[in-house]
Amino acid sequence: MALKRSDGGGKGELTGREKKKLKVSAARAIAVQPSASTSNAASSKALPASSLAGLPSAIDVEKFVEARAFEIDAMHTAMKTASASSTHRVWQTLPRHLRRRAASHDVRRVPLRLRDRARAEMDVVRKKALGRSMPKRGKYKRTTRTESFVKRQRDKIWLETHLWHAKRMHMETLWGYRLAVTPTEKSYRPSHRASVHGSILHDASYYSLVEIVGTERILAAMLDLCCDPQGAGPGSKRWSSGSRILETFIYKTGSYPYDAIAPVTILWKPRPGNTSADDTQGPSKRNAKGKEREKESTQDSSDTRTVWLRFHPSANTSVFDTLKEAASSALTTYKAAHPDGPEARLEVADLTRQVNVFEIMGPKCNQVLKGALSPVPSETRQDFLQFWSSLTSLQSSGSMPRGIVVGFKVDDPRLKFPPQNAKPPSNGAPSINVTLPSAQLANSEIWNEKTRIGLSKPRFKKKDIDERRSKTSVPGTRLSALRQDDRIPVLLIQRSIEEPDSQDQQGIHGWTLIIPAGWSMAFFNSLIYTSTRIAGQQERQTQAYEAGTAYFPRDFPSNEAYDVYAQEREENEKHAWERKPPAKRINYETIGTSNPWRAYWDSVLDIAEDPQESDGFSFVSTQRESTTKTRAAAVRPWLLRGSEVRRILSSVSSVFNGAAALHSEVNRIRLKRGHEPLPDALKAADLLQGALVNVKINMCSRGAPDDLAMIYALPDDLARHWEKFLRVQKSRASDLETPEELELASKVPDNSAIIGYVTTGHYSLARGHGFAIGAIAVRRLLELEQQNERQVV
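Read left to right, the sequence shown gives residues 1 to 793 (UniProt numbering).
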């Protein structure tokens with residue numbers, strides 16, 4: 001019974017806190033049995049000199065318990081009432097970093113020392129609904145955890161690291177996969193710092209992988225039909241040895257420069273007998289004469305080779321269709337040239353689900369890889385040992401040859417867990433032994449399909465390895481690989497995000513790690529253990545943006561993947577804009593923006609009118625409409641890109657007739673790969689009018705351009721004023737706004753002066769100012785160069 005409050009003079013009612021305090025103290029009070037004897041009887045006896053004196057030699061347990069029954073019962077009652085009156089449950093008493101939301105209904109989420117109290121607090125009997133208990137599923141109708149996960153992947157595919165990402169990152173369904181977009185924590189700046197000064201990891205297993213098997217000569221002819229003809233061909237010795245990868249662009253068969261599909265990475269399987277990537281024909285082959293040389297060439301052409309193609313999953317269907325068409329064309333050409341020759345075959349297979357790929361970027365990725373991976377002792381190749389020993393002292397993987405391929409075997413990384421990053425040498429001197437690409441260094445058993453399938457499921461589970469670790473004599477000792485442990489073949493490929501032949505030195509370097517399927521989490525846990533950050537789709541896009549390179553499909557207009565991306569973006573942003581009230585959203589009509597959610601490249605190329613401008617009344621003759629439609633059908637947008645873009649633009653701008661020069665350059669590149677010249681129906685003027693080219697935009701003053709920002713061409717007089725103002729502004733110490741700047745900024749040209757759009761733009765952390773990547777029309781670029789020459793004169 002709760003204690004009565006004393007009638008204090010002039011005091012009002014007790015507060016809620018005081019009532020609660022009295023209730024808790026009353027619940028914790030232990031009842032005392034009243035004594036039959038008087039108190040002076042006990043006090044009359046003097047205490048013995050020794051604490052052991054007067055104690056009986058034996059105790060009857062039953063009589064002792066009966067004598068103390070009331071006290072024991074009172075203590076149990078007080079414990080129950082005290083726990084029932086407590087205002088905190090067990091899981092609420094834990095410190096903040098140990099609290100879990102699931103602990104309120106799952107005893108296993110509570111630390112072991114508190115589970116008994118938590119179990120007593122929980123109501124074991126389920127609450128009844130509508131007066132009766134809920135029916136339980138039958139024994140044979142229950143679904144396991146694995147079955148429920150498989151059921152949730154009917155319309156999408158999970159990566160092997162999905163559960164780890166889903167707990168820590170925002171997830172979206174993209175290209176048929178459930179992918180991580182960005183971490184739930186604030187990570188924009190830390191992710192950029194990790195890519196520049198540390199290490200950052202991205203699971204790129206969703207990329208499509210296609211294997212083509214056939215004769216080397218036919219494979220080279222097939223790839224020449226559908227790959228970018230600029231630079232060295234896919235079948236050249238630089239790439240066909242397998243010591244390097246080729247990063248190019250794939251087009252529809254024989255359609256260059258139109259019908260661009262996606263970037264593609266080509267990797268050849270090394271020949272068993274090759275030793276060097278840059279080997280030329282040896283003396284024995286050069287000195288061979290007559291029938292011997294003919295016999296060797298016939299034998300080389302009949303060798304079966306294997307090549308892998310990795311590309312973005314958004315272009316999966318288009319790439320497969322193009323490869324089938326190119327293979328059919330190459331086989332037809334071979335049969336026509338060799339009617340009596342041996343039968344030639346090309347096999348195209350999809351290996352997307354047979355391998356997993358990790359992209360680890362940053363200067364510390366070398367130390368992370370060397371700390372997490374343990375090559376097997378049987379790796380005794382001298383070039384590999386040189387490479388592995390120099391991996392620690394390299395300041396960045398950018399010191400290695402671009403695209404070098406390294407193949408080797410590693411022990412199960414779980415045996416070495418937890419890993420430790422390799423430390424660079426104490427003297428800090430970088431290694432001067434640069435590993436050269438070679439086919440012998442690139443050899444790996446991961447090319448063998450039987451090996452990949454045999455390793456699709458690890459032989460030992462994690463609990464088996466943990467049990468082995470618990471039986472070690474010294475706790476914390478790392479396990480040694482036994483004979484029955486798995487040996488996993490891997491491929492390590494140097495990866496650089498940089499613009500070739502550019503003065504913008506903002507490249508990001510790292511490695512691409514290819515492992516068999518089924519081993520993602522085993523490698524993933526070791527790679528991220530030493531504070532390696534995780535990148536989602538946004539972080540991967542930001543790496544390309546900070547490096548100043550175009551990112552697919554966001555920065556590649558005039559292809560199918562970009563059109564799908566632009567349409568989805570337009571729908572999402574327009575829907576978000578319409579949800580806002582008029583007072584809380586931007587009034588694009590007032591500021592003169594006709595297309596706020598999508599870039600209309602047809603209007604930039606003058607092959608179609610702006611859809612918003614055509615909404616009003618206009619009187620246009622029927623003849624003009626038919627002329628516009630005819631020209632729009634003849635002019636097709638295409639993106640000028642590749643390794644020879646700078647030289648092509650330089651040659652086109654140096655002549656009077658730029659359209660004819662561009663037409664001849666394209667025909668020269670096509671003839672180099674055996675393609676027929678452009679059809680006569682395609683005029684040089686139409687080719688130039690439909691050309692787009694990627695550009696970089698650096699802000700001369702304040703501000704940062706946003707995505708879909710319009711790029712204008714200024715008239716000569718306004719351009720002179722801006723040039724003069726920027727020259728004066730550069731000499732000033734302050735960077736404050738001036739009335740002259742505000743007046744110049746208010747003079748915005750009309751929509752007819754739009755020459756392009758910004759595809760990616762915001763504040764660049766690597767440059768410290770606004771930066772953007774966009775695309776403009778080539779003919780308008782030539783006009784800007786002519787305007788610049790007039791300004792100089």
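Glycine included, each C-beta is placed from N, C-alpha and C at the ideal position.
Values in this document were obtained by computation on a predicted structure and should not be read as measured data.
Checklist entry - With a CB to CB cut of under 6 angstroms and the five nearest residues on each side skipped, what residues in its chain are close to residue 373? => result Position 373 of the sequence shown, counting from 1, holds the residue named residue 373. The residues are 410.
Checklist entry - Taking the DSSP output, what are the residues bridged to residue 173? => result Here residue 173 refers to the residue found at position 173 of the sequence shown. For residue 173, the beta-bridge partners assigned by DSSP are 178.
Checklist entry - If you run the structure through DSSP and keep just helix, strand and coil, what is residue 162? => result Here residue 162 refers to the residue found at position 162 of the sequence shown. The answer is helix: DSSP assigns residue 162 an H, G or I state.
Item to check | Per-residue burial, residue 14 [other beta carbons within 10 Å of its own, 16 or more giving buried] | outcome: Residue 14 sits at position 14 when you count from the first residue of the sequence shown. Residue 14 should be labelled exposed.
Checklist entry - Any beta-carbon of chain D closer than 8 angstroms to the one on residue 168? => result In the displayed structure, chain D is absent; only one protein chain is listed.
Item to check | Spatially closest choice to residue 796 from 538, 450, 637 and 408, by CA coordinates | outcome: Not covered by the structure: residue 796. The range shown for the chain is 1 to 793.
Checklist entry - Applying the criterion that 16 or more other CB atoms from any shown protein chain within 10 Å of the CB defines a buried residue, is residue 788 buried or exposed? => result In the sequence shown, residue 788 corresponds to position 788, counting from 1. When all chains shown are included, residue 788 counts as exposed.
Checklist entry - Under the DSSP definition of a beta bridge, which residues are partnered with residue 150? => result Walking along the sequence shown from the start, residue 150 turns up at place 150. DSSP links residue 150 through a beta bridge to no other residue.
Checklist entry - Among 575, 311 and 224, which one has its Cα closest to the Cα of residue 325? => result One-based indexing of the sequence shown puts residue 325 at position 325. Out of 575, 311 and 224, 224 has the C-alpha closest to the C-alpha of residue 325.
Checklist entry - Taking buried to mean at least 16 other C-beta atoms within 10 Å of its own C-beta, is residue 165 buried or exposed? => result On the sequence shown, residue 165 is found 165 positions in, with the first residue counted as 1. So residue 165 ends up on the buried side.
Checklist entry - DSSP three-state call for residue 198: helix, strand or coil? => result Working through the sequence shown from its first residue, we reach residue 198 at position 198. Three-state result, residue 198: coil.
Checklist entry - In chain order, what residues of the same chain lie with their CB nearer than 8 angstroms to the CB of residue 303, ignoring the 5 residues before and after it? => result As a first step, residue 303 is located in the sequence shown; it is residue number 303 there, counting from the start. Excluding sequence neighbours, residue 303 sits near 215, 216 and 271.
Item to check | Three-state secondary structure assigned by DSSP to residue 359 | outcome: In the sequence shown, residue 359 corresponds to position 359, counting from 1. Residue state for residue 359 is assigned as strand, using DSSP reduced to three classes.
Checklist entry - For residue 728, is the classification buried or exposed, using 16 other Cβ atoms within 10 angstroms of its Cβ as the cut-off for buried? => result Walking along the sequence shown from the start, residue 728 turns up at place 728. Result: exposed.
Checklist entry - How would you write the range of the beta strand (DSSP E) that residue 754 sits in, first residue to last? => result Taking the first residue of the sequence shown as position 1, residue 754 is located at position 754. Element bounds for residue 754: 754-764.
Checklist entry - Counting pairs of beta carbons, one from the stretch 349-362 and one from the stretch 517-533, are three or more of them closer than 8 angstroms? => result By the Cβ criterion, the stretch 349-362 is in contact with the stretch 517-533, since at least three pairs of Cβ atoms, one from each stretch, lie closer than 8 angstroms.
Checklist entry - Below 8 angstroms, can you find three or more Cβ-Cβ pairs linking the stretch 536-549 to the stretch 465-483? => result The stretch 536-549 vs the stretch 465-483: no contact.
Next on the checklist: Can you tell me whether residue 585 is buried or exposed? The criterion is at least 16 other CB atoms within 10 Å of its CB, across all chains shown.
Outcome noted: Numbered from its first residue, the sequence shown carries residue 585 at position 585. Residue 585 comes out exposed.
Checklist entry - Span of the alpha helix (DSSP H) holding residue 511? => result Numbered from its first residue, the sequence shown carries residue 511 at position 511. Premise fails: residue 511 lies in the beta strand (DSSP E), 508-516, not in any alpha helix (DSSP H).
Checklist entry - Which first and last residues belong to the alpha helix (DSSP H) in which residue 526 is found? => result Locating residue 526 in the sequence shown gives position 526, counting from the first residue. Unbroken alpha helix (DSSP H) run through residue 526: 520-528.
Next on the checklist: To the nearest angstrom, how far is the alpha carbon of residue 691 from that of residue 260?
Outcome noted: In the sequence shown, residue 691 corresponds to position 691, counting from 1. In the sequence shown, residue 260 corresponds to position 260, counting from 1. Distance between the alpha carbons of residue 691 and residue 260: 13 angstroms.
Checklist entry - Within this structure, are the beta carbons of residue 532 and residue 368 separated by less than 8 angstroms? => result Along the sequence shown, read from residue 1 onward, the residue named residue 532 stands at position 532. Along the sequence shown, read from residue 1 onward, the residue named residue 368 stands at position 368. Contact check for residue 532 against residue 368 passes: the beta carbons are separated by less than 8 angstroms.
Checklist entry - Do residue 799 and residue 435 have their CB atoms nearer than 8 angstroms? => result Look at the range of the chain in this structure, 1 to 793, and you will see that residue 799 is not part of it.
Item to check | Neighbourhood of residue 543 by C-beta distance below 6 angstroms, restricted to the same chain and skipping five residues each side | outcome: Counting from one through the sequence shown, the residue named residue 543 turns up at place 543. For residue 543, where only same-chain residues beyond five positions count, the Cβ hits under 6 angstroms are 195, 497 and 508.
Checklist entry - If you draw a straight line from the C-alpha of residue 718 to the C-alpha of residue 677, how long is it? => result The sequence position of residue 718 within the sequence shown is 718, counting from 1. The sequence position of residue 677 within the sequence shown is 677, counting from 1. Answer to the nearest angstrom: the Cα atoms are 43 angstroms apart.
Next on the checklist: If you reduce the DSSP assignment to three classes, tell me which class residue 284 lands in.
Outcome noted: Your numbering for residue 284 matches position 284 in the sequence shown. Only weak support exists for where residue 284 lies, its pLDDT of 42 falling under 50; the value from the coordinates is given anyway. In the structure shown, residue 284 sits in a helix (DSSP, three-state: H, G or I).
Item to check | Span of the beta strand (DSSP E), counted from its first residue to its last, around residue 409 | outcome: Numbered from its first residue, the sequence shown carries residue 409 at position 409. 405-411 is the extent of the beta strand (DSSP E) around residue 409.
Next on the checklist: Do residue 514 and residue 490 count as a contact pair if the criterion is CB distance below 8 angstroms?
Outcome noted: Taking the first residue of the sequence shown as position 1, residue 490 is located at position 490. Taking the first residue of the sequence shown as position 1, residue 514 is located at position 514. It is a contact, given that the beta carbons lie within the stated cut-off.
Item to check | Opening and closing residue of the beta strand (DSSP E) in which residue 489 lies | outcome: Locating residue 489 in the sequence shown gives position 489, where the first residue counts as 1. Residues 487-497.
Checklist entry - Roughly how far, in whole angstroms, is the beta-carbon of residue 754 from the beta-carbon of residue 604, given that I think they are within contact range, below 8 angstroms? => result As a position in the sequence shown, residue 754 is number 754, starting the count at 1. As a position in the sequence shown, residue 604 is number 604, starting the count at 1. Yes, they are in contact, since the Cβ atoms of residue 754 and residue 604 sit about 6 angstroms apart, within 8 angstroms.
Checklist entry - Under 8 angstroms, do residue 408 and residue 526 count as touching if we go by C-beta distance? => result On the sequence shown, position 408 is the one that residue 408 refers to. On the sequence shown, position 526 is the one that residue 526 refers to. Taking 8 angstroms as the Cβ cut-off, residue 408 and residue 526 do not qualify as a contacting pair.
Checklist entry - Considering only the beta carbon of each residue, do residue 510 and residue 361 sit closer than 8 angstroms? => result Numbered from 1 along the sequence shown, position 510 holds the residue referred to as residue 510. Numbered from 1 along the sequence shown, position 361 holds the residue referred to as residue 361. With contacts defined as CB atoms closer than 8 angstroms, residue 510 and residue 361 qualify as a contacting pair.
Item to check | Short Cβ contact (8 angstroms threshold) for residue 257 with residue 675 | outcome: By 1-based counting over the sequence shown, the position of residue 257 is 257. By 1-based counting over the sequence shown, the position of residue 675 is 675. A distance of 8 angstroms or more separates the beta carbons of residue 257 and residue 675.
Next on the checklist: Taking the beta carbon of residue 168 as the centre, do at least 16 other beta carbons fall within 10 Å, making it buried, or is it exposed?
Outcome noted: For the purposes of this step, residue 168 is taken as residue 168 along the sequence shown, with counting starting at 1. Taking a 10 Å sphere around the C-beta of residue 168, we find fewer than 16 other C-beta atoms and assign the residue as exposed.
Next on the checklist: From the DSSP secondary-structure annotation, give me the bridge partner or partners of residue 246.
Outcome noted: Translated into the one-based positions of the sequence shown, residue 246 becomes position 246. 266, per the DSSP bridge assignment.
Checklist entry - Would the stretch 653-661 and the stretch 700-719 be scored as touching if the rule is three or more Cβ pairs under 8 angstroms? => result No, they do not touch.
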